[in-house]
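Structure first, then comments.
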Amino acid sequence: MKYGRYEIIEELGRGTMGVVYKAHDPQIDRMVALKVLREDRVVSQEFVVRFLREAKAIGRITHPNIVTVYDVGQDHGTIYIAMEYLEGRPLNDVIKGRRFPVEEAVNICSQVAEALGYAHGRGITHRDIKPSNIILTPDNRIKLTDFGIARIEDPDAAQQTQAGDILGTPVYMSPEQVLGKTADGRSDLYALGVIAFEMVTGQRPFDGGNIAAIFQSITHQAPPDPMALGGCGSRTLADLILRSLAKKPEDRFQTGEAMAAALKRCLDSDSHPFPEMTRRPVKAAASKKRVLAALAGVLLTLAVAMIGIQMLRKTPPPPPLKHPPWRLRNQPPN
Ligand code: ATP
Ligand code: MG
Numbered sequence: 014m015k016y017g018r019y020e021i022i023e024e025l026g027r028g029t030m031g032v033v034y035k036a037h038d039p040q041i042d043r044m045v046a047l048k049v050l051r052e053d054r055v056v057s058q059e060f061v062v063r064f065l066r067e068a069k070a071i072g073r074i075t076h077p078n079i080v081t082v083y084d085v086g087q088d089h090g091t092i093y094i095a096m097e098y099l100e101g102r103p104l105n106d107v108i109k110g111r112r113f114p115v116e117e118a119v120n121i122c123s124q125v126a127e128a129l130g131y132a133h134g135r136g137i138t139h140r141d142i143k144p145s146n147i148i149l150t151p152d153n154r155i156k157l158t159d160f161g162i163a164r165i166e167d168p169d170a171a172q173q174t175q176a177g178d179i180l181g182t183p184v185y186m187s188p189e190q191v192l193g194k195t196a197d198g199r200s201d202l203y204a205l206g207v208i209a210f211e212m213v214t215g216q217r218p219f220d221g222g223n224i225a226a227i228f229q230s231i232t233h234q235a236p237p238d239p240m241a242l243g244g245c246g247s248r249t250l251a252d253l254i255l256r257s258l259a260k261k262p263e264d265r266f267q268t269g270e271a272m273a274a275a276l277k278r279c280l281d282s283d284s285h286p287f288p289e290m291t292r293r294p295v296k297a298a299a300s301k302k303r304v305l306a307a308l309a310g311v312l313l314t315l316a317v318a319m320i321g322i323q324m325l326r327k328t329p330p331p332p333p334l335k336h337p338p339w340r341l342r343n344q345p346p347n
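So this is what it looks like as structure tokens:
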């Protein structure tokens with residue numbers, strides 16, 4: 014079986030978009046991973062055009078932590094993507110509810126953050142960061158797969174998948190994605206926050222019996238404090254994770270580089286991963302200032318009141334009334 018010039022060797026796995034095969038490229042004589050989209054995903058010519066355009070953009074990004082896309086083409090009524098073949102295991106195989114040592118989790122997450130920062134800087138958002146799209150290579154490096162591919166949607170296709178596949182793995186979706194708003198790089202960093210939470214605590218921040226319950230939690234509930242669940246090691250890492258899970262994108266890390274740097278600082282016990290948190294004493298000073306200002310206000314009011322009383326004392330009393338004011342015209346005087 015062939016797709017384009019690529020000879021299929023074996024199936025590596027399958028996901029919602031299609032099947033990934035190990036394949037051979039006879040022209041260059043190398044192994045590739047060939048992702049073949051499910052035919053029902055390729056719903057229109059417009060979808061094909063958009064897919065090929067996006068693949069071109071992805072083909073231009075070169076980063077040690079991002080899978081290289083070699084080629085894209087059409088065959089057997091569908092689209093295939095030839096990419097770097099990786100020996101290794103997807104992170105979802107490795108996580109499986111276990112807790113990672115903090116150093117290992119930080120090392121993996123900071124590599125992902127750096128790769129995301131690089132791609133975002135070139136205008137490419139992943140939109141589907143989750144453990145199965147992070148491959149751990151035998152030399153302990155990570156590679157991100159499916160960059161920009163997972164959510165290239167046709168309006169019709171979006172309709173088709175809404176009830177099923179997209180909602181099949183919602184735990185890494187950011188609040189804005191759940192609400193159908195535009196996702197940007199900060200949505201990817203949110204998903205990385207969920208992964209970091211899962212790696213250190215062995216639990217997911219938002220879980221529920223069904224998709225509606227998970228969506229409700231993602232959009233409305235505060236995540237549990239990872240420190241309270243154990244495994245986090247330090248308050249600094251717990252704060253970092255909580256910051257990446259902020260409901261509003263503007264309250265999260267704004268770039269992958271900033272998140273990577275903060276993660277690395279977590280391993281350094283003397284510093285805090287984000288400077289504004291170290292400004293807590295400043296906050297205390299500010300509230301001290303507020304108390305002093307209030308005190309000054311009270312003193313000023315008292316002083317004004319005292320002066321007023323003094324002035325009233327000096328004012329001569331009004332002359333006595335000749336007759337009470339309520340006595341009316343036709344009432345006889347006393
Ligand atoms: P979804 O489709 O919901 O994103 P998924 O990421 O698990 O789920 P695929 O992207 O189709 O699905 O990947 C299926 C499997 O193929 C992965 O779990 C991984 O093991 C394997 N795989 C993907 N890309 C490569 C690659 N470049 N090299 C080696 N194996 C890969
Ligand atoms: Mg994938």
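Offset between the sequence shown (1-based) and our numbering: plus 13. Glycine is no exception: its CB is placed at the ideal position from the N, C-alpha and C atoms. Predicted model only: the values in this text are computed from it and were never measured.
Cβ-based burial, residue 77 [other Cβ within 10 Å; buried from 16]: exposed
Chain-order list of residues whose beta-carbon lies under 7 Å from that of residue 26 (same chain, five-residue window excluded): 33
C-beta contact flag for residue 46 and residue 19 at 8 Å: no
C-alpha gap between residue 94 and residue 79, whole angstroms: 15 Å
Any non-hydrogen atom of the ligand MG within 7 Å of residue 153 CB: no
Residue 28 Cβ short of 7 Å to the ligand MG heavy atom set: yes
With 16 other Cβ atoms within 10 Å as the buried cut-off, status of residue 153: exposed
Where the beta strand (DSSP E) containing residue 31 begins and where it ends: 31-38
Near the ligand ATP: residue 67 beta-carbon under 7 Å from a heavy atom: no
Contact the region 106-114 vs the region 52-66: 3+ CB pairs below 8 Å: no
Range covered by the beta strand (DSSP E) that runs through residue 26: 19-27
Residue 159 beta carbon near the ligand MG (any heavy atom closer than 7 Å): yes
Closest Cα partner of residue 226 within the set 214, 191, 258 and 199: 191
Residue 103 Cβ short of 7 Å to the ligand ATP heavy atom set: yes
For residue 48, the residue or residues it bridges with in DSSP: 33 and 94
Counted within 10 angstroms of its Cβ, other Cβ atoms place residue 127 as buried (16 or more) or exposed: buried
Given 8 Å, three or more beta-carbon pairs between the region 48-57 and the region 83-92: yes
Best match in 56, 84 and 40 for proximity to residue 69 [C-alpha to C-alpha]: 84
The region 252-259 / the region 200-208 touching (three or more Cβ pairs under 8 Å): yes
Sequence-distant residues of its chain with Cβ nearer than 8 Å to residue 213 (five each side left out): 112, 113, 115, 118, 239, 244, 245, 246, 250 and 254
Selection from 15, 98 and 134 that minimises the alpha carbon distance to residue 87: 15
Straight-line gap, residue 123 to residue 228 (C-alpha atoms, nearest Å): 27 Å
Residue 78 beta carbon near the ligand MG (any heavy atom closer than 7 Å): no
DSSP three-state assignment for residue 246, whether helix, strand or coil: coil
Supposed close pair residue 96, residue 81 - CB separation, criterion 8 Å: 6 Å
For residue 119, three-class secondary structure by DSSP: helix
When 98, 272 and 199 are compared against residue 157, the one with the closest alpha-carbon: 98
For residue 203, the first and last residue of its enclosing alpha helix (DSSP H): 198-214
Between the CA atoms of residue 56 and residue 241 - distance to the nearest angstrom: 47 Å
Where the beta strand (DSSP E) through residue 147 begins and ends: 147-149
Any non-hydrogen atom of the ligand MG within 7 Å of residue 145 CB: yes
Identity of the residues DSSP links to residue 85 by a beta bridge: 94
Assigned exposure category for residue 294 - 16 Cβ within 10 Å defines buried: A caution first: residue 294 carries a pLDDT of 36, below 50, which makes its placement in the model unreliable, though a value can still be read off. Exposed.
Cut-off 6 Å between Cβ atoms - residues of its own chain near residue 276, not counting five sequence neighbours on either side: 119, 122 and 123
Enclosing alpha helix (DSSP H) for residue 276 [first to last residue]: 269-279
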